[in-house]
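Peer 1: I'd like to ask some things about the structure below.
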Amino acid sequence: MNVTDSDELATATPAAAAATPVTLAAKVRPGREALYFARRNRKLVLGLGVVLVFLAVAAAGPLVNPHGPNEYVGPPSQRPSAAFWFGTTMFGQDVFAQFAHGLRATFLVGLLGGGLAALVGMLVGFTAGWRGGTVDEVLNMLTNVVLVIPTLAVLLVIATYLRVRGVVPEAIFIGLFSWPWVARAIRAQTFSLRTRDFVDLARLSGAGATRIVFREIAPNMSSYLFMTFILLFGTSVLTAATLDFIGLGPTDGMSLGLMMNNAVLWSALPLGMWWWFVPPGLGITLIVGSLYIMNVGLDEVFNPRLREL
Amino acid sequence: MRQYFQRKLGIYVLTFFVAVTVDWMIPRFMPGDPVQTMLARASLRPEASQAMQAYYTGVFGLDVPIWRQYLNFWGALLRGDLGVSIWLFPQPVTSVILRAIPYTIALLVPAILLSWWAGNKFGAYAARRRWLDNTVLPVGYVLTATPYMWLGILLAWALATVAGVFPIAGGYSFDVEPSWSVAFLADLAWHWFLPFASLFLVGFGGWAIGMRNLIIYELEADYSHYLESLGAPRRLVRHYAYRNALLPQLTGLALQLGVLVAGALVTEIVFSYPGLGYLILQAINNQDFFLIQGAFLFIILGVLLANFLVDIVYVIVDPRTRVGMRGAA
Amino acid sequence: MSLRVDNLKVWYRTLRGEVRALDGVSFTIADGELVGLAGESGCGKSTLGKSLIRLDGRMRHVDGSVELDGKELPIGDSERMNGFRFKEVSIIPQYAMSAMNPTRKIGLLVAELLASRGERPAAVRDELLRRLALVGLEPEVLDRYPIELSGGMKQRMVMVISTLLNPSLLIADEVTSALDVSTQKAVAETLVELRDRNVVKSTIFITHDLSLVYQIADSIIVMYAGRLAERAPTDALVGSPRHPYTRMLLAALPEVGVRFADQRLEGIAGSPPSLLNPPAGCRFRDRCPLAVARCAEQPPFVEVAPDHYVACWKAS
Numbered sequence: 001m002n003v004t005d006s007d008e009l010a011t012a013t014p015a016a017a018a019a020t021p022v023t024l025a026a027k028v029r030p031g032r033e034a035l036y037f038a039r040r041n042r043k044l045v046l047g048l049g050v051v052l053v054f055l056a057v058a059a060a061g062p063l064v065n066p067h068g069p070n071e072y073v074g075p076p077s078q079r080p081s082a083a084f085w086f087g088t089t090m091f092g093q094d095v096f097a098q099f100a101h102g103l104r105a106t107f108l109v110g111l112l113g114g115g116l117a118a119l120v121g122m123l124v125g126f127t128a129g130w131r132g133g134t135v136d137e138v139l140n141m142l143t144n145v146v147l148v149i150p151t152l153a154v155l156l157v158i159a160t161y162l163r164v165r166g167v168v169p170e171a172i173f174i175g176l177f178s179w180p181w182v183a184r185a186i187r188a189q190t191f192s193l194r195t196r197d198f199v200d201l202a203r204l205s206g207a208g209a210t211r212i213v214f215r216e217i218a219p220n221m222s223s224y225l226f227m228t229f230i231l232l233f234g235t236s237v238l239t240a241a242t243l244d245f246i247g248l249g250p251t252d253g254m255s256l257g258l259m260m261n262n263a264v265l266w267s268a269l270p271l272g273m274w275w276w277f278v279p280p281g282l283g284i285t286l287i288v289g290s291l292y293i294m295n296v297g298l299d300e301v302f303n304p305r306l307r308e309l
Numbered sequence: 310m311r312q313y314f315q316r317k318l319g320i321y322v323l324t325f326f327v328a329v330t331v332d333w334m335i336p337r338f339m340p341g342d343p344v345q346t347m348l349a350r351a352s353l354r355p356e357a358s359q360a361m362q363a364y365y366t367g368v369f370g371l372d373v374p375i376w377r378q379y380l381n382f383w384g385a386l387l388r389g390d391l392g393v394s395i396w397l398f399p400q401p402v403t404s405v406i407l408r409a410i411p412y413t414i415a416l417l418v419p420a421i422l423l424s425w426w427a428g429n430k431f432g433a434y435a436a437r438r439r440w441l442d443n444t445v446l447p448v449g450y451v452l453t454a455t456p457y458m459w460l461g462i463l464l465a466w467a468l469a470t471v472a473g474v475f476p477i478a479g480g481y482s483f484d485v486e487p488s489w490s491v492a493f494l495a496d497l498a499w500h501w502f503l504p505f506a507s508l509f510l511v512g513f514g515g516w517a518i519g520m521r522n523l524i525i526y527e528l529e530a531d532y533s534h535y536l537e538s539l540g541a542p543r544r545l546v547r548h549y550a551y552r553n554a555l556l557p558q559l560t561g562l563a564l565q566l567g568v569l570v571a572g573a574l575v576t577e578i579v580f581s582y583p584g585l586g587y588l589i590l591q592a593i594n595n596q597d598f599f600l601i602q603g604a605f606l607f608i609i610l611g612v613l614l615a616n617f618l619v620d621i622v623y624v625i626v627d628p629r630t631r632v633g634m635r636g637a638a
Numbered sequence: 639m640s641l642r643v644d645n646l647k648v649w650y651r652t653l654r655g656e657v658r659a660l661d662g663v664s665f666t667i668a669d670g671e672l673v674g675l676a677g678e679s680g681c682g683k684s685t686l687g688k689s690l691i692r693l694d695g696r697m698r699h700v701d702g703s704v705e706l707d708g709k710e711l712p713i714g715d716s717e718r719m720n721g722f723r724f725k726e727v728s729i730i731p732q733y734a735m736s737a738m739n740p741t742r743k744i745g746l747l748v749a750e751l752l753a754s755r756g757e758r759p760a761a762v763r764d765e766l767l768r769r770l771a772l773v774g775l776e777p778e779v780l781d782r783y784p785i786e787l788s789g790g791m792k793q794r795m796v797m798v799i800s801t802l803l804n805p806s807l808l809i810a811d812e813v814t815s816a817l818d819v820s821t822q823k824a825v826a827e828t829l830v831e832l833r834d835r836n837v838v839k840s841t842i843f844i845t846h847d848l849s850l851v852y853q854i855a856d857s858i859i860v861m862y863a864g865r866l867a868e869r870a871p872t873d874a875l876v877g878s879p880r881h882p883y884t885r886m887l888l889a890a891l892p893e894v895g896v897r898f899a900d901q902r903l904e905g906i907a908g909s910p911p912s913l914l915n916p917p918a919g920c921r922f923r924d925r926c927p928l929a930v931a932r933c934a935e936q937p938p939f940v941e942v943a944p945d946h947y948v949a950c951w952k953a954s
């Protein structure tokens, strides 16, 4: 028998051993499949649940509770009671009202800051990954510089000089410095996806760069992008809380970090006024922790190999 | 390898440049006459105001062209002159900061090293047993989601206020004289413990989770399967997996430095621990801009140095970097 | 050494049920025999190879037994199998390119592996160097990291490591699939040489490339959809194949000198059945041009000529 180069005897078929699940799965749309696993994933459901509870408190709390966060509504330094669910501060302010208002600021910062960081990261990452060459080099340099600079240090200097500070500018500043790791990851992914066949096909059919990036490459990373946003949400909340705690947060309104700042400043610690400093920190911990756990769940939903048997 | 270090150094130098420039630029973008505004905000004695004016003029020097101001700033910086503290007049900023730095370093270095080492060990161990994994994971996520200052607050409240085991504030007791005696060192350590523990715990959680995830990935790698196919004991496979998982953890350490430093700063504030963080808080409350700017530069310098150190360690630890640079056979 | 596999069934647990990757396989291998195990992707050949040395997490030993030199091979019990791994049964894996720890020098890796298996590295060192020379690697390679080696060099290094303790049975799992033609030839010839020098007793050479295995194997087993289709000495299988699947496989191979304009390549229409819920009877039924009603009953794997086994009603 004459022999030539090894050619797959699988001119017959392409099927693989465990391919049978694939043939079945092909009948179920990928979106539906993700939803199926999403509903059954305990981490995702639990994490999302906790976050939604806090969101509800943030949204409904100030409506249910008539007191403003800085109003002097009752006797100072009261423990939690039926009248004041979280007690009162050293000055007689309603801690729960502060908490609910603070939650609003927290969610706002997370959304804006996380969203902005995600946007910038995607912009830089996709551009660097797609263009390559000098553009990539320059963007890389930028990414590395912003990466090394500690966020808090920069925010420290900027915020110090601003007389009046609001939640939105704070969120914007945080977003402007939290994106480097996202850009790096997206750039790497774009590089690898760029050489794939479907991209070549798109190019052949005359699609422009933006179209290819948004219609072909990004959807392949959509699960990763979503998870990245959640992570950025969490880190923005933590950064904002830290900034507020130092005293460089928004000059008006209330935030959870500011609550802790006040508590420590006005000796809540030696006086044992736990109802003043436990709720804000607990709120942040639970929200960010739930976001992280949600992320783990999402990873399992999107990545079949991680699903437990 | 030289190229690698040159590139890294290049980035750090560039970053320092950018940081210094940003530091110098920001006051200028504030509305109004920066010098007067700042001097006015800081309530000074008249003679202090004169001395300040002198320094300021040199650095901000309205009679001097912008580029000159910039160069003056750099010149002063390289001489170690960061100006004079407004709040603690007439002490120069540099010496004020240098007094606080040892406390911060004493917190940061042990906390970073120990939490990294312990977190890695524990994360690797947790990946081995299912029940441990199921408890470690949630606890780890909660710990790493905890804001640094809140954990500090909790520890202070629980162990200092309620239990009375540790002091709640300060670097050392008020009634003790600083000296090199054992008693004083013990007092220092006693005050140091809670802030250190707080930093340690949050970091620990993060590293444990990271390592647990990485080691599972390594244990599923081809080389692990090959060794198992050849009957290698679990001990050997785990040892290889652990060593390989340490590499991305090292990279992660460099990335987290900024966050860790921020954590140390706020933890100091909670405990009124006389390090850089507490100094910054007081500087903010007293509108001492020179002090804040000086602290900023110190932080940047420290983080850049630490990054460089990690880069060196990484090259030593990962043989692939050296080989890749030599060029594959 | 002799290997006897009797009605072996190994299934994979998946979320959608159990995939019957290996569904009742029986054969024997004689001392010094180099057997080619061929079939298309998904036929179960890799599963067979893996189950003889290490079941991975999803695999389950459902039924059947394996005997090595008359002793039972406890494939379902990983603890007890450890005594056999590397020493009696060894494998050159499909992923040989990434089989070595990237951050360990190769020499150190080998030494640590040997030590962990109770062997003294110093005692084996001379033999190791001889084996390196056998496959055409320099002794300096022990001081290198895997990243410094080319793909072919890594493949050969893994061959050396896997056969270092002279196993009775060597399983070579798709060792040529990722290589260029000249390296394929070198690797195939090395396998033969390892057998000729008595370094290994018998070898199972798993591949999808009939044209390659034809050149080195003493006999060939053809698998389809988790079952054996045909087993015969090489010349017999290639010269007078009995199973329709084997015939069509051989017909699908391109011939030297024949041009596309003269004769088109024929594939086998259709695809293998799902192994989640395999159909009853002969699994090739749906694609077989010779299928009749009787094929609804699974044909037994019987000997139709000396050492020539087929599972087909039409052949026996």
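Protein chains in written order, with our numbering: chain E, 1 to 309; chain H, 310 to 638; chain B, 639 to 954.
Virtual Cβ for every residue (Gly too), placed ideally from N, Cα, C.
Step through the CB atoms of chain B and report whether any lies within less than 7 angstroms of the CB of Asp484(H).
Peer 2: Look at Asp484(H): its C-beta is not under 7 angstroms from any C-beta on chain B.
Peer 1: Evaluate contact between the region 128-147 of chain E and the region 180-189 of chain E, counting only Cβ atoms and requiring at least three cross-stretch pairs below 8 angstroms.
Peer 2: Taking one beta carbon from each stretch, the region 128-147 of chain E and the region 180-189 of chain E have 3 or more pairs nearer than 8 angstroms; the two touch.
Peer 1: Assign Glu935(B) to one of two classes, buried (16 or more other C-beta atoms within 10 Å of its C-beta) or exposed (fewer than that).
Peer 2: exposed
Peer 1: Assuming contact is defined by CB atoms lying nearer than 7 angstroms, are Gly702(B) and Met861(B) in contact in what I supplied?
Peer 2: no
Peer 1: Just grab the DSSP bridge partners of Lys647(B) for me.
Peer 2: Asp661(B), Asp701(B)
Peer 1: What are the boundary residues of the beta strand (DSSP E) that includes Ser857(B)?
Peer 2: 857-862
Peer 1: Could you check whether Leu562(H) and Val612(H) sit closer than 7 angstroms to each other, using their CB atoms as the reference points?
Peer 2: Val612(H) places its beta carbon 7 angstroms or farther from that of Leu562(H).
Peer 1: Using a beta-carbon distance below 7 angstroms, is Phe605(H) in contact with chain E?
Peer 2: Closer than 7 angstroms to some Cβ of chain E, the Cβ of Phe605(H) qualifies, so yes.
Peer 1: For the putative contact between Pro80(E) and Trp275(E), defined by C-beta atoms under 8 angstroms, what is the C-beta separation to the nearest angstrom?
Peer 2: Contact between Pro80(E) and Trp275(E) holds: their C-beta atoms lie close to 5 angstroms from each other, under 8 angstroms.
Peer 1: Helix, strand or coil for Asp94(E)? Go by DSSP, reduced to three states.
Peer 2: strand
Peer 1: How long is the line joining the alpha carbons of Ile625(H) and Leu780(B), rounded to whole angstroms?
Peer 2: 20 angstroms
Peer 1: What are the start and end residues of the alpha helix (DSSP H) that includes His500(H)?
Peer 2: If you look at His500(H), you'll find it in the alpha helix (DSSP H) that goes 491-528.
Peer 1: Leaving out the 5 sequence neighbours to the left and right, which residues in its chain are closer than 8 angstroms to Met634(H) when beta-carbon positions are compared?
Peer 2: The predicted model places Met634(H) with a pLDDT of 49, which falls under 50 and marks its position as unreliable; any figure quoted below should be read in that light. Answer for Met634(H): Met310, Gln312, Tyr313, listed in chain order.
Peer 1: Does the region 196-210 of chain E come close enough to the region 235-245 of chain E that 3 or more CB-CB pairs lie under 8 angstroms?
Peer 2: Three or more Cβ pairs closer than 8 angstroms define a contact, and the region 235-245 of chain E falls short of that threshold against the region 196-210 of chain E.
Peer 1: Beta-carbon within less than 7 angstroms of Thr324(H)'s beta-carbon, same chain only, minus the 5 sequence neighbours each way: which residues are those?
Peer 2: Leu613
Peer 1: Since Thr814(B) contacts Thr845(B) with CB under 8 angstroms, what's their CB separation in whole angstroms?
Peer 2: 7 angstroms
Peer 1: Give a yes or no on whether the minimum CB-CB distance between Ala433(H) and chain B is below 7 angstroms.
Peer 2: no
Peer 1: Against chain E, does Thr413(H) count as a neighbour if the rule is that its beta carbon must be under 7 angstroms from one of theirs?
Peer 2: no
Peer 1: According to DSSP, which residues form a beta bridge with Leu600(H)?
Peer 2: In DSSP, Leu600(H) forms no bridge with anything.
Peer 1: Flag Leu690(B) as yes if its beta-carbon sits less than 7 angstroms from any beta-carbon of chain H, otherwise no.
Peer 2: No - not a single Cβ of chain H is within 7 angstroms of the one on Leu690(B).
Peer 1: Determine the DSSP secondary structure at Arg316(H), reduced to helix, strand or coil.
Peer 2: helix
Peer 1: Since Pro150(E) meets chain H, which of its residues come closer than 8 angstroms, beta carbon to beta carbon?
Peer 2: Contact annotation for Pro150(E) against chain H: Leu566, Gly567, Val568, Val570, Ala571, Ile608, Ile609, Val612 [CB-CB distance below 8 angstroms, chain order].
Peer 1: In the DSSP output, what is Phe54(E) paired with across the bridge?
Peer 2: Phe54(E) is not bridged to any residue.
Peer 1: Between which residues of its own chain and Leu460(H) is the CB-CB distance below 7 angstroms, once the five residues before and five after are set aside?
Peer 2: Around Leu460(H): Ser507, Leu510, Val511.
Peer 1: Could you tell me which chain B residues have their CB closer than 9 angstroms to the CB of Glu577(H), listed as they occur along the chain?
Peer 2: Going along chain B, no residue has its Cβ under 9 angstroms from Glu577(H), so there is no contact; the nearest lies around 38 angstroms.
Peer 1: Considering only the beta carbon of each residue, do Asp332(H) and Gln602(H) sit closer than 7 angstroms?
Peer 2: When the beta-carbon positions are compared, Asp332(H) and Gln602(H) come within less than 7 angstroms of each other.
Peer 1: Assess, as a yes-or-no matter, whether the region 458-477 of chain H is touched by the region 267-286 of chain E under the definition of 3 or more beta carbon pairs within less than 8 angstroms.
Peer 2: yes
Peer 1: In the DSSP assignment, find the unbroken alpha helix (DSSP H) run with Leu225(E) in it and report its ends.
Peer 2: First-last of the alpha helix (DSSP H) with Leu225(E): 222-246.
Peer 1: Counting only beta-carbon separations shorter than 7 angstroms, does Asn144(E) have a partner in chain H?
Peer 2: At least one chain H Cβ lies under 7 angstroms of Asn144(E).
Peer 1: Looking only at its chain, what residues have a beta carbon closer than 6 angstroms to the beta carbon of Met254(E), apart from the 5 residues adjacent to it on each side?
Peer 2: Pro69, Gln98, His101, Gly102
Peer 1: With Cys920(B) and Pro937(B) assumed to form a contact (beta carbons below 8 angstroms), what rounded beta-carbon distance in angstroms separates them?
Peer 2: 6 angstroms
Peer 1: What residues in the region 734-745 of chain B have a beta carbon less than 9 angstroms from any beta carbon of chain H?
Peer 2: Taking 9 angstroms as the Cβ-Cβ cut-off against chain H, the residues of the region 734-745 of chain B that qualify are Ala734, Met735, Ser736, Ala737, Met738, Asn739, Pro740, Thr741, Arg742, Lys743.
Peer 1: Is Leu751(B) close to chain H? Criterion is C-beta to C-beta, closer than 7 angstroms.
Peer 2: yes
Peer 1: Measuring alpha carbon to alpha carbon, tell me which of Ala918(B), Ser684(B), His699(B), Asn739(B) ends up nearest Pro628(H).
Peer 2: Measuring from the Cα of Pro628(H), the nearest candidate turns out to be Asn739(B).
Peer 1: Are the C-beta atoms of Arg723(B) and some chain H residue less than 7 angstroms apart?
Peer 2: yes
Peer 1: If you compare alpha carbons, which of Asp299(E), Gly249(E), Ile293(E), Thr190(E) is closest to Ser223(E)?
Peer 2: In terms of Cα proximity to Ser223(E), the closest of Asp299(E), Gly249(E), Ile293(E), Thr190(E) is Asp299(E).
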